[in-house]
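Student: According to the numbering used here, the sequence shown holds residues 25 to 316 in order. Glycine included, each C-beta is placed from N, C-alpha and C at the ideal position.
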Amino acid sequence: MNKKQAVILSLLALIAIVLGFMVSGKFWFRLDLTKNKAYTLAPVSRNLYTEIPDQLRITYYLSDKLKTVFPQANEIEDLLREYANHSHGKIQVTVRDPVKAQLVEVVERLGIQAQQLQTMRQDETGLVTVYSGIIIEYLDQVDVLPGVFSLATLEYDLTSRIRSLVRGSIRQAGVIVGDNPRGWGEQYSYLNSILTQSGYNVRLIAPGLDIPETLPLLIVLGGVESLDEAALYQIDRYIQMGGKVLFTVKAVHIDTEGGTLEASLMADRGLLAMLSSYGITVRPEIAMDRSA
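(1) In terms of alpha-carbon separation, which member of Ser301, Asp102 and Tyr155 lies closest to Asp121?
(2) What residues in its chain sit with their C-beta under 8 angstroms from that of Phe53, if we drop five residues either side in the sequence?
(3) State yes or no: is the C-beta of Tyr224 within less than 8 angstroms of the C-beta of Arg191?
(4) Can you give the Cα-Cα distance for Phe51 and Glu99, rounded to whole angstroms?
(5) Gln140 to Gln126, Cα distance in whole Å?
(6) How would you call Ile235, buried or exposed, if buried means at least 16 neighbouring beta carbons within 10 angstroms?
(7) Between the Cα of Pro308 and those of Leu296, Val93 and Ser301, spot the shortest distance and give me the residue it belongs to.
(8) Would you mind reading off the limits of the alpha helix (DSSP H) that contains Val269?
(9) Please state whether the Cβ-Cβ distance between Ile159 and Val152 is less than 8 angstroms.
(10) Is it true that the stretch 254-269 meets the stretch 207-220, where meeting means three or more beta-carbon pairs spaced less than 8 angstroms apart?
(11) For the putative contact between Ala108 and Gln96, defined by C-beta atoms under 8 angstroms, what is the C-beta separation to the nearest angstrom?
(12) Can you give me the C-alpha to C-alpha distance between Gln216 and Val201, rounded to a whole angstrom?
(13) What does the alpha-carbon distance come out to for the pair Val276 and Glu253?
(14) CB-CB under 7 angstroms to Gly207, same chain, minus the five flanking residues each way: which ones, in chain order?
(15) What three-state label does DSSP hand Ile235 in the structure shown?
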């Protein structure tokens, strides 16, 4: 046997071994070449199976025709398969077309609504009605991601929701509206909708009232000129107990109603000073988009 024949036989043997593993179902391999490692699960997601006593089901309700006009649909499916691959049999993933499966009424009742996307074929534009949503089932509990069209936060959403289902806990977010407490339903209706769709039970907390230390997340909207010492004390106390807070604040007010877009510094009642004590400085400057 010459050297060339030996190399060929070695390669054939290696291929046979790999194919054998693949057929037996005990070997799988995926090479993630995306810039941000979109298909590489974080360690907490890869080890999620250790927290799941019984089998958990993930069903991706996806219109077949969406795959041809929306490449991200295949990427979403690939990410879901990664959960199953790392789950040691604890997570089962199924992809179904709700129209073909005659489950449109079922998925819509669960919150997955049809979406219309614009398409172009042969220089002609049109609209296509599609479904793209995920249902997670564990024992007798169900959670829904109603509109899934991006990988941006999908892994976080999936892992956090799976944990909540398994633990039987409710995802809750507290909200303090500093500038206009009555404006939550109108001024912040979009944020309320996003939080609700993300599976959060929103709890409005009036400034100055006790903030439960069991609350997993607190969102403070504005309040530079309105939150007083009592309100700031409760927020600071919550932080000292290990609470997580998202502040949305500004140091400059822009008059958008008068038509002049006049800018003025805001009179801080203590919120900016408190943030400064945490090492966070809100600069009294304006960022402008040159392309706008």
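Tutor: According to the structure shown:
(1) If you compare the alpha carbons of Ser301, Asp102 and Tyr155 with that of Asp121, the shortest gap goes to Tyr155.
(2) Confidence at Phe53 is low in this model, with a pLDDT of 43, below 50, so the placement of that residue should be treated as unreliable; the coordinate-derived value is given next. None.
(3) If you check the CB distance, Tyr224 and Arg191 do not come in under 8 angstroms.
(4) Reliability of the predicted coordinates at Phe51 is poor, the pLDDT of 40 falling under 50, and the value obtained from them is presented with this limitation in mind. Linking Phe51 to Glu99 through their CA atoms gives a straight-line distance of about 21 angstroms.
(5) If you take the alpha carbons of Gln140 and Gln126, they lie about 19 angstroms apart.
(6) By the neighbour-count criterion, in which 16 or more other beta carbons inside 10 Å mark a residue as buried, Ile235 falls on the buried side.
(7) For the set Leu296, Val93 and Ser301, the Cα lying nearest the Cα of Pro308 is the one of Leu296.
(8) Unbroken run through Val269 is the beta strand (DSSP E), Val269 to Thr272; no alpha helix (DSSP H).
(9) Using a Cβ distance threshold of 8 angstroms, Ile159 and Val152 do not count as a contacting pair.
(10) Cβ pair count under 8 angstroms is below three, so no.
(11) 19 angstroms between Cβ atoms; not a contact.
(12) Note on residue identity: the sequence assigns Asn, not Gln, to residue 216. Rounded to whole angstroms, Asn216 to Val201 spans 12 angstroms at the Cα level.
(13) Between Val276 and Glu253, the C-alpha separation is close to 21 angstroms.
(14) So the list reads Val201, once near-sequence residues are dropped.
(15) Ile235: coil per DSSP, three-state reduction.
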